[in-house]
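Have a look at the structure below, then the notes.
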DNA sequence: GTGAAAGCGCTAACAC
DNA sequence: GTGTTAGCGCTTTCAC
């Protein structure tokens, strides 16, 4: 493994110049710069990140903390982060908390001192702890907003409204809401917008696990509540609702319409294909990474709220005549 | 941020002793060890990974290269890797190649010099390049085998046989195989086992993209070929086949039985729920990480071939009478 | 614009 | 067991 030292010797310059040629090309004469670049290329020079980080006092790694990597939602965000980070020559350290707040704390303490910035997808960590973490280094929150901190989130309220208007236009007047984890920020956002559309009565089915099984569990409650349509916390839940409904012999959307949230790939594969509020997850990963890069220079911590879009597929239809 | 130096001073020992107390506790007297641990705890000491790596000459990071993080297959492997790595106090650097071999090469060159070991999920990279990478540092291949290199893969042949036997027992005699990417190692493994079950005629539908859309594209060919059952390259493809079949008005499993590979979460959500060959993906992540740790000490590069299991659900049934 | 020199925080001989 | 002493490979003042 060639070192910068060796590159410098090969190029006939000092290590300092070699370093500058690579990191601040503008500060080196064009001729020497070329010599250094050529030598680096020829020797197959690869910077030693540990050395760079140690010497400069800042890490080029980005830490990404997610509750569950196997969840397509977070996996997609992670993919976006990854892509953007690579463009900025930074690497991504991912940590999966397995939905466990205790593990999350531990990971935070472990990870944060060793990364240049942290991307936190943490729907459940108490706000003061998030704020605390932000004092320890650059931090961007994803899918949540905390006053005074940089974040990337989605305009879920308008998504909820769009879904409700869509159902209303189809003649639905009694819509069940299947909630997610009670402590989740984004569940609260969804709930807050539930009353925004007049003429649609909302039946709260309560909080459920944000996975397929949660929807399965909720389906019977929906039927019992006499709703003709459902808005679910996310697609996984919506898919769960749909499969249980179908298993009970009910038709979607003939008997009950179903709307999800997120637009994970499975939403379009399902049959019927799921009508859902699409969140630009990859884009969120991009934005969050970009935000992180500009965080020191930014005056106030920026908050990006990404627009969402209702994707109408086949799981919604006219309300059944009573 | 407290340094080891400061911890050492606070504990009244030399930096070396402080270092040993933390990394090789056995080599320090019990009393001093306690003093160091206590001081570290009290000062909130966090080791600087860059410094550790630079000084010791080896990185504690694990590099994980996957073709697509948003693919539930790789996301699940990644989760397994992550969990195991954290147990060993190592962090995971993930890189997503976006299914692009050129990007993969670049990532390899970038990543490998800066990690202590590499986990490669790379179905398509030419074998000699994989072998080449292995000379540059500890490397474990996942879901593929290359002679002489450490790897974790699945016993897909027995999975194919189990699927075929299952179909045969249901009376199917003409089974279509929807292949994956032609250059993929695991597609070749599946194909190699296709002839192992006598009494079942295999119709090769050719290679398709290993995603939902690939299955959609293949479905019509299956019908045209007159097969009563399909074995697909993976679940995504199987799901695609199923949705196209259903859209054409065919019944699964009434008219055609479908079997997938992998057992991703969506397989159990689908309706009908997909019969599939389950691969222990999380386990593969664990094993690969464990293998990486023991690689230097191992005599011969270990090859782990994980057992698979046919999960019979609702997408397979008796062959339709001709 | 360039080089010399001083570390960044830690580990690993090497002596004791 | 323990301390002393060198660095690991790089960035970054500081002079020139």
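Chains as they are written, first to last, in the numbering used here: chain F, 3 to 324; chain B, 3 to 324.
Think of the CB as a built atom: it goes at the ideal place given N, C-alpha and C, for glycine as much as any other residue.
Just so we're clear, the structure is a prediction, and the values are computed from it rather than from any experiment.
ask   = In the stretch 63-82 of chain B, which residues sit with their C-beta less than 7 Å from some C-beta in chain F, listed in chain order?
value = Those would be 71, 72, 74, 77, 78, 80 and 81, in chain order.
query = Should the stretch 171-188 of chain B be called in touch with the stretch 227-237 of chain B, which here means at least 3 C-beta pairs below 8 Å?
reply = Contact between the stretch 171-188 of chain B and the stretch 227-237 of chain B is present, because at least three Cβ pairs lie under 8 Å.
ask   = Can you list, in chain order, the residues of its chain whose CB lies under 7 Å from that of residue 21 of chain F, leaving out five sequence neighbours each side?
value = Counting from 1 along the first chain, the entry for residue 21 of chain F is found at position 19. Short of 7 Å from the beta carbon of residue 21 of chain F, and not among the five residues preceding or following it, lie these beta carbons of its own chain, in chain order: 6.
request  = Taking the CB atoms as reference points, tell me whether residue 92 of chain F and residue 64 of chain F lie closer together than 8 Å.
outcome  = Translated into the one-based positions of the first chain, residue 92 of chain F becomes position 90. Translated into the one-based positions of the first chain, residue 64 of chain F becomes position 62. Against a cut-off of 8 Å, the Cβ pair of residue 64 of chain F and residue 92 of chain F comes out as a contact.
message = Taking the alpha carbon of residue 282 of chain B as the reference point, which residue from B/105, B/75, B/38 and B/40 has its own alpha carbon closest?
response = For the purposes of this step, residue 282 of chain B is identified with residue 280 of the second chain, where counting begins at 1. The shortest Cα separation from residue 282 of chain B among B/105, B/75, B/38 and B/40 belongs to B/75.
query = DSSP three-state call for residue 199 of chain B: helix, strand or coil?
reply = Taking the first residue of the second chain as 1, we reach residue 199 of chain B at position 197. In this structure, residue 199 of chain B counts as coil in the three-state DSSP scheme.
message = By the DSSP assignment, the beta strand (DSSP E) with residue 98 of chain F in it spans what residues?
response = What you label residue 98 of chain F is simply residue 96 of the first chain in a count that begins at 1. Note, residue 98 of chain F: beta strand (DSSP E), 93-98.
ask   = Mind checking if residue 316 of chain B is an interface residue toward chain F, Cβ cutoff 8 Å exclusive?
value = Sequence index remark: in the second chain, residue 316 of chain B carries index 314 (1-based). So, not an interface residue.
key: Residue-chain proximity (residue 115 of chain F, chain B), Cβ-Cβ < 8 Å   = Here the question's residue 115 of chain F lines up with position 113 in the first chain. True, the Cβ-Cβ gap to chain B drops below 8 Å.
request  = Give the DSSP bridge partners of residue 157 of chain B, in chain order.
outcome  = Taking the first residue of the second chain as 1, we reach residue 157 of chain B at position 155. Beta-bridge analysis with DSSP links residue 157 of chain B to no other residue.
message = Against chain B, with Cβ distances strictly below 8 Å, would residue 84 of chain F count as a contact?
response = By one-based count along the first chain, residue 84 of chain F stands at place 82. Yes, residue 84 of chain F lies at the interface with chain B (some Cβ there is under 8 Å from its Cβ).
ask   = Under 8 Å between C-beta atoms, does residue 225 of chain B make it to chain F?
value = Position 223 of the second chain, counted from the first residue, corresponds to residue 225 of chain B. For residue 225 of chain B, no Cβ of chain F is located within less than 8 Å of the residue's own Cβ.
inquiry  = I'd like the ranges of any beta strand (DSSP E) spanning at least 3 consecutive residues and lying wholly in the stretch 17-98 of chain F.
reply    = Counting only runs of 3 or more, we get 63-68 and 93-98.
task = Ignoring anything shorter than 3 residues or poking outside the stretch 114-182 of chain F, list the beta strand (DSSP E) runs there in chain order.
result = The qualifying runs are 119-122, 141-144, 153-156 and 176-181.
message = Under 8 Å, with one C-beta from each stretch per pair, do the stretch 230-243 of chain B and the stretch 37-45 of chain B reach the 3-pair mark?
response = By the Cβ test, the stretch 230-243 of chain B is not in contact with the stretch 37-45 of chain B, since fewer than three Cβ pairs between them sit closer than 8 Å.
task = Below 8 Å on the Cβ atoms is my guess for residue 82 of chain F versus residue 285 of chain F; work out the distance and round it to an integer in Å.
result = For the purposes of this step, residue 82 of chain F is taken as the residue at position 80 of the first chain. For the purposes of this step, residue 285 of chain F is taken as the residue at position 283 of the first chain. Residue 82 of chain F to residue 285 of chain F, Cβ: 6 Å. Contact.
request  = Figure out for me which residue from B/151, B/123 and B/194 has the closest Cα to the Cα of residue 136 of chain B.
outcome  = The residue labelled residue 136 of chain B in the question sits at position 134 within the second chain. Out of B/151, B/123 and B/194, B/151 has the C-alpha closest to the C-alpha of residue 136 of chain B.
key: Neighbourhood of residue 298 of chain F by C-beta distance below 8 Å, restricted to the same chain and skipping five residues each side   = Locating residue 298 of chain F in the first chain gives position 296, where the first residue counts as 1. If we look at residue 298 of chain F and ignore the five residues flanking it on each side, its Cβ neighbours are 140.
inquiry  = With H, G and I counted as helix, E and B as strand and the rest as coil, what does DSSP make of residue 231 of chain B?
reply    = The count along the second chain starts at 1 and reaches residue 231 of chain B at position 229. Three-state result, residue 231 of chain B: strand.
key: When F/73, F/168 and F/8 are compared against residue 201 of chain F, the one with the closest alpha-carbon   = As a working note, residue 201 of chain F is residue 199 in the first chain. Check the Cα spacing between residue 201 of chain F and each of F/73, F/168 and F/8: the tightest is with F/168.
inquiry  = If I follow the unbroken alpha helix (DSSP H) through residue 307 of chain F, where does it start and stop?
reply    = For the purposes of this step, residue 307 of chain F is taken as the residue at position 305 of the first chain. Here residue 307 of chain F belongs to no alpha helix (DSSP H); instead the beta strand (DSSP E) covers 305-308.
request  = Examine chain B for any beta-carbon lying closer than 8 Å to the beta-carbon of residue 134 of chain F, and answer yes or no.
outcome  = Within the first chain, residue 134 of chain F is the residue found at index 132, counting from 1. No, its Cβ sits nowhere closer than 8 Å to a Cβ of chain B.
ask   = Alpha carbon to alpha carbon, how far is residue 198 of chain F from residue 278 of chain F?
value = Counting from one through the first chain, the residue named residue 198 of chain F turns up at place 196. Counting from one through the first chain, the residue named residue 278 of chain F turns up at place 276. So the two alpha carbons sit approximately 18 Å from each other.
message = In the DSSP output, which residue or residues are listed as bridge partners for residue 206 of chain B?
response = By 1-based counting over the second chain, the position of residue 206 of chain B is 204. In DSSP, residue 206 of chain B forms a bridge with B/179.
inquiry  = For residue 127 of chain B, tell me which candidate among B/112, B/101 and B/114 has the shortest Cα-Cα distance.
reply    = The sequence position of residue 127 of chain B within the second chain is 125, counting from 1. Here the closest residue by C-alpha is B/101.
request  = Work out the CA separation of residue 292 of chain B and residue 29 of chain B for me, nearest whole Å.
outcome  = Locating residue 29 of chain B in the second chain gives position 27, counting from the first residue. Locating residue 292 of chain B in the second chain gives position 290, counting from the first residue. So the two alpha carbons sit approximately 25 Å from each other.
message = I'd like to confirm the pairing. Which residues does DSSP put opposite residue 283 of chain B in its beta bridges?
response = Reading the second chain from its first residue, position 281 is the one you call residue 283 of chain B. Paired residues: none, contrary to the question.
message = What does the alpha-carbon distance come out to for the pair residue 24 of chain F and residue 58 of chain F?
response = Residue 24 of chain F sits at position 22 when you count from the first residue of the first chain. Residue 58 of chain F sits at position 56 when you count from the first residue of the first chain. Rounded to the nearest angstrom, the two C-alpha atoms are 14 Å apart.
key: Contacting positions in the stretch 41-55 of chain B - beta carbon closer than 9 Å to chain F   = Within the stretch 41-55 of chain B, the residues whose Cβ lies closer than 9 Å to some Cβ of chain F are 46, 48, 49, 50, 51, 52, 53, 54 and 55, listed in chain order.
ask   = Is it buried or exposed for residue 216 of chain F, if we count other Cβ within 10 angstroms and need 16 for buried?
value = Walking along the first chain from the start, residue 216 of chain F turns up at place 214. By the neighbour-count rule (16 or more Cβ atoms within 10 Å), residue 216 of chain F is buried.
message = Please state whether the Cβ-Cβ distance between residue 269 of chain F and residue 237 of chain F is less than 8 Å.
response = For the purposes of this step, residue 269 of chain F is taken as residue 267 along the first chain, with counting starting at 1. For the purposes of this step, residue 237 of chain F is taken as residue 235 along the first chain, with counting starting at 1. Yes; because the gap between Cβ atoms is below 8 Å, this pair is in contact.
inquiry  = Rounded to whole angstroms, what is the Cα-Cα separation between residue 66 of chain F and residue 185 of chain F?
reply    = The sequence position of residue 66 of chain F within the first chain is 64, counting from 1. The sequence position of residue 185 of chain F within the first chain is 183, counting from 1. The alpha-carbon atoms of residue 66 of chain F and residue 185 of chain F are separated by roughly 21 Å.
Element boundaries [alpha helix (DSSP H), containing residue 241 of chain F] = The count along the first chain starts at 1 and reaches residue 241 of chain F at position 239. That run of the alpha helix (DSSP H) goes 237-249.
inquiry  = Measuring straight from C-alpha to C-alpha, what distance separates residue 195 of chain B and residue 104 of chain F?
reply    = Locating residue 195 of chain B in the second chain gives position 193, where the first residue counts as 1. Locating residue 104 of chain F in the first chain gives position 102, where the first residue counts as 1. One alpha carbon belongs to residue 195 of chain B, the other to residue 104 of chain F, and they sit about 46 Å apart.
ask   = Quick check: the stretch 110-129 of chain B against the stretch 253-272 of chain B, are there 3 or more CB pairs under 8 Å?
value = Touching, no, given that fewer than three Cβ pairs across the two stretches are closer than 8 Å.
inquiry  = If I measure Cβ to Cβ from residue 16 of chain F and keep anything under 8 Å in the same chain, skipping five residues before and after, which residues do I get?
reply    = For this step, residue 16 of chain F is matched to residue 14 along the first chain. Listed in chain order, the non-local C-beta contacts of residue 16 of chain F below 8 Å within the same chain comprise 10, local neighbours out to five positions each way being set aside.
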